[in-house]
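Protein chains in written order, with the numbering used here: chain A, 105 to 317; chain B, 105 to 317; chain C, 105 to 317; chain D, 105 to 317.
Even glycine gets a Cβ: it sits at the ideal position worked out from N, Cα and C.
As structure tokens, the structure follows; a few thoughts come after it.
4 protein chains.
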Amino acid sequence: MAKAKAPEKRVRILDAALKVFAEQGFYNARVADVARAAGVADGTIYLYFQNKDDLLISLFEERMEEIIAALRADLEATGGDALVRLRRMIERHLSMAVESPLLAEFITVELRQSAKFVREYENPRFQEYLTVLRDLVEEGQREGLIRSGMDSRLIVRAIFGALDEVLLTLTLASTTRSIDFREVAETLCDLFFHGMASGPRPGTMPRGPVVAP
Amino acid sequence: MAKAKAPEKRVRILDAALKVFAEQGFYNARVADVARAAGVADGTIYLYFQNKDDLLISLFEERMEEIIAALRADLEATGGDALVRLRRMIERHLSMAVESPLLAEFITVELRQSAKFVREYENPRFQEYLTVLRDLVEEGQREGLIRSGMDSRLIVRAIFGALDEVLLTLTLASTTRSIDFREVAETLCDLFFHGMASGPRPGTMPRGPVVAP
Amino acid sequence: MAKAKAPEKRVRILDAALKVFAEQGFYNARVADVARAAGVADGTIYLYFQNKDDLLISLFEERMEEIIAALRADLEATGGDALVRLRRMIERHLSMAVESPLLAEFITVELRQSAKFVREYENPRFQEYLTVLRDLVEEGQREGLIRSGMDSRLIVRAIFGALDEVLLTLTLASTTRSIDFREVAETLCDLFFHGMASGPRPGTMPRGPVVAP
Amino acid sequence: MAKAKAPEKRVRILDAALKVFAEQGFYNARVADVARAAGVADGTIYLYFQNKDDLLISLFEERMEEIIAALRADLEATGGDALVRLRRMIERHLSMAVESPLLAEFITVELRQSAKFVREYENPRFQEYLTVLRDLVEEGQREGLIRSGMDSRLIVRAIFGALDEVLLTLTLASTTRSIDFREVAETLCDLFFHGMASGPRPGTMPRGPVVAP
DNA sequence: TATGAATGAGACTTCATTCAT
DNA sequence: AATGAATGAAGTCTCATTCAT
């Protein structure tokens, strides 16, 4: 299959780009570095990608597509209520630190800046990832598990930001010591779901008996 | 005042760098762009900064020092318990979106990547900012206002990540419509303090009899 | 031959550098001048040489290697006693003025200063050239043709300095009028071998009775 | 005396230039380096010299004038025949290595290249120095002490080249060990006057008794 | 398809020189 | 006369991209 060989080279280039961009950063990395890491000639990269920017965007797109597809499948298989699946999503997000550290570093470090200045890239995959999260939150709100008064867009941004920052921390730390991302996920879920305040919410405290609907 | 002129020029360069870096990004910005924006010759920049990297780092250091100093003074003046002051800190953080949009954009976008690859810069000011946050959390824990079981480092990272991401969103959005950062801060505090779950924390539930469904 | 093309380009750059450095001097010459003279792009030079300094050193090294190899072969073919071969070496040295005027100008003018300040270059080829000369002198001393009391290192330096200066003069003069380097070599040999004094050496005077004045 | 102060500053600049140019080389030295070494402001140098080139040329001119004037006075005081004075001149030349090492380094290293490419400087002082030497040689020839058949210009170049090279060697060596320039001068005189060949000149050997005139 | 030598635009940075003080 | 901050022209070098093979 001639067709199988070419894609394989494309994949090698993307893998190499992930590694090189994660280690050196997009702007510090040279196209020649990616080519060497991929075991291809410099010019070969331009057979598969329009330019360096396109390589970055393609890498991000493809990795995010994989992540999102796997995430959706997992969430469907997981079942349960919105909170259960939200917890699952959070666990998956943080697990990147140990399962795909290069990808974790690439996404946490390069996403913001590179994406912002590379040809006004709209970053639809990132939006899609946020949408998955948002759908869960809004489902939780419809189910009565999550407070309806809270702006789901805002909550989603807050959760993603927290996950992203913690993932970055875990990733950088993981080079020195092993981490238990499950425990971290547990704490974060607890924080997001119940807050860090030790007492109950003022004014919403249930005084009398609570009867489930 | 001849003496006032030199410091003023340094300030002008830093202001110009903030603007240019925020708008174009550090790597896309040319030193000549900063010079033009500052109204000085290219070479003049090198009278005040060692090189382009040093300009970036100096800019970050000085702005963060100002932010931290003002924040500390404000927190002291605010008084109240840890939660009150934490709320105040969150408000201040988000208020950057309307009060110093360039600074907000610069910090949210450039901090992660640039800092990581620029001369292995340790970024002590960022650490210091996190420390202020952490001190508040731990004080809250000692006061019994914040649950002691939660790792303060982790909470701090989560809060900062959420704030950072939301600030970025606000900043980018603020170019199109005006925003009410106070309301956003209110919601985020509610999220961090009490969680988004509608019911009370399971297993810590108190007071009256609860009937399981 | 595709393979012949690359080496040819390196050679062209070195030739161009010789010409440009000889005419303008190393410090006055721009890399772009060398590139233009070689008929290549500026960047091409950096495919073959690390930087401008390396170009200078490489040029010197390679030309000196050629000179020394040819000289050694010639001296071996010449045969004869040390003085005969020393005379031959002197002739060869001065012949550069007419046979490779650019090389003569480059070596006489650039050698001292450039080499001294360019990356603390040790200049091993120059040392090697002096060694060839020194071997001849010491061989002459062993053969009894050259006075043993004289420090061979010092003699070698003196001869080289004289040759170098005379070569420079010849080279600069050759632009205006043709020169007979053979006659010059003859005179210099006479000077080095027998001195310029008209009488014999005092105190070593032989043979017949000498009447003091 | 206002007049005494300004010249004093000019002198300080020239002294500083000698030191800086000797240590770093003309092209590597910055005008600001000279200014700092002289204890004056950068701009002050341009009150006394037209530009960097002019500073170099002025330095060379003034030092050479001093050298030549002192040399002429010395030679006159020395008296004796041409060979005696020639020996004296050679001693003086080499003594620079210990008496004015910076000057020695400056002249031996910078003279050739810098002078050649700095605004087509004719270098009249160097010509004058050679003329002093040439006058001695030609006087020796008229006195019958030096063989008349030898081209005095050529001999002078050879002697100067030898002295220059040996002085350079002595100067560079003097940083590591002390040197006896007098012994070196003695050997060089012996070389120039009587040659290094152990036997007498062939064909000019005096067979019979030699009677002094 | 693949190569990688070659290109050349453009960036950072230096530093001789100027001029307002 | 002296200063030294400021200038800006110009040089070295990099590297994304091309194209002949």
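Buried or exposed for T235 (chain B), going by 16 or more other Cβ atoms inside 10 Å? exposed
Go to Q245 (chain C), then tell me how far its alpha helix (DSSP H) extends in each direction, as first and last residue. P228 to R246
For A106 (chain C) and A139 (chain C), I'd like the C-alpha separation in whole angstroms. Residue confidence is low: A106 (chain C) scores 35 on pLDDT, short of 50, so the model does not pin down where it sits. No coordinate-derived value is stated.
To the nearest angstrom, how far is the alpha carbon of A277 (chain A) from that of L274 (chain D)? When rounded, the distance between both Cα atoms is 60 Å.
Near S256 (chain C), which residues of its chain fall below 6 Å by C-beta distance, leaving aside the five closest residues on each side in sequence? So the list reads R238, V241 and E242, once near-sequence residues are dropped.
Is it true that the CB of S204 (chain B) sits closer than 7 Å to the CB of F285 (chain B)? no
Determine the burial state of P228 (chain A): buried for a count of at least 16 other Cβ atoms within 10 Å of its Cβ, exposed for fewer. exposed
Closer than 6 Å by C-beta to A201 (chain C): which residues in its own chain qualify, once you throw out the five before and the five after it? Chain order, please. A208, L271, L274, T275, S278 and F285
Are the CB atoms of L151 (chain C) and A121 (chain C) nearer to each other than 7 Å? no
Provide the residue span of the alpha helix (DSSP H) that contains D178 (chain A), from first to last. K156 to T182
Apply the 10 Å Cβ neighbour rule to S282 (chain D) and answer buried if 16 or more other Cβ atoms are within range, or exposed otherwise. exposed
Going by beta-carbon coordinates alone, are L175 (chain D) and L118 (chain D) separated by less than 7 Å? no
Neighbour list for D268 (chain C) in chain D, Cβ cutoff strictly below 8 Å: G265 and E269, listed in chain order.
Checking contacts by CB at 7 Å: is R140 (chain A) closer than that to chain B? no
Skipping 5 residues on each side, what residues in its chain have a beta carbon closer than 8 Å to that of S145 (chain C)? Rather than Ser, the amino acid found at residue 145 (chain C) in this sequence is Ala. Cβ within range, chain order: A139.
Find out if the Cβ-Cβ distance for the pair K123 (chain C), L215 (chain C) is shorter than 7 Å. No, the Cβ-Cβ distance between K123 (chain C) and L215 (chain C) is not below 7 Å.
Would you list the one or two residues that DSSP bridges to I250 (chain B)? A:A301
Unbroken alpha helix (DSSP H) run spanning E214 (chain A), endpoints: That residue, E214 (chain A), is in no alpha helix (DSSP H); it is neither H nor E in DSSP.
Boundaries (first-last residue) of the alpha helix (DSSP H) holding I259 (chain A): S256 to S278
Ignore the nearest five residues each way along the sequence and tell me which others in C293 (chain C)'s own chain have a CB closer than 8 Å to its CB. L190, R191 and I194
Residue-chain proximity (A108 (chain C), chain D), Cβ-Cβ < 7 Å: Confidence is the limiting factor: at A108 (chain C) the pLDDT is only 41, short of 50, which leaves the residue's position unreliable and the question unanswerable from this model.
So, at 7 Å on beta carbons, what are the nonlocal neighbours of R196 (chain D) in its own chain, with the 5 sequence-adjacent residues on each side left out? L175 and D178
Measuring straight from C-alpha to C-alpha, what distance separates G244 (chain D) and E180 (chain D)? 15 Å
Flag this pair as yes or no: are the beta carbons of A266 (chain C) and F210 (chain C) separated by less than 7 Å? no
Under 7 Å, do Q128 (chain A) and V213 (chain B) count as touching if we go by C-beta distance? no
Taking only beta-carbon atoms, is L258 (chain A) less than 7 Å away from chain B? yes
Using the beta-carbon of each residue, which ones in chain C are nearer than 7 Å to Q334 (chain D)? With chain D running from 105 to 317 in the structure shown, residue 334 (chain D) is simply not present.
Does DSSP put F153 (chain A) in a helix, a strand or coil? coil
For G129 (chain D), the three-state DSSP class (helix, strand or coil): coil
Member of D:E165, D:V288, D:D137 and D:S252 whose CA lies at the smallest distance from the CA of F230 (chain D): For the residues D:E165, D:V288, D:D137 and D:S252, the minimum Cα distance to F230 (chain D) belongs to D:E165.
C-alpha distance - T148 (chain D) paired with A289 (chain D), whole-angstrom precision: 42 Å
Residues from the segment 282 to 295 of chain C in contact with chain D, defined by Cβ distance under 8 Å: V288, T291, L292, D294 and L295
In chain order, what residues of the same chain lie with their CB nearer than 7 Å to the CB of E169 (chain A), ignoring the 5 residues before and after it? R229
Exposed or buried, R261 (chain D), counting other C-beta atoms within 10 Å across all chains shown (16 or more means buried)? buried
Check distances from the C-beta atoms of the segment 130 to 160 of chain C to those of chain D and list, in chain order, the residues that come in under 7 Å. Y131 and N132
Is there a Cβ of chain D sitting closer than 7 Å to that of F125 (chain C), yes or no? no
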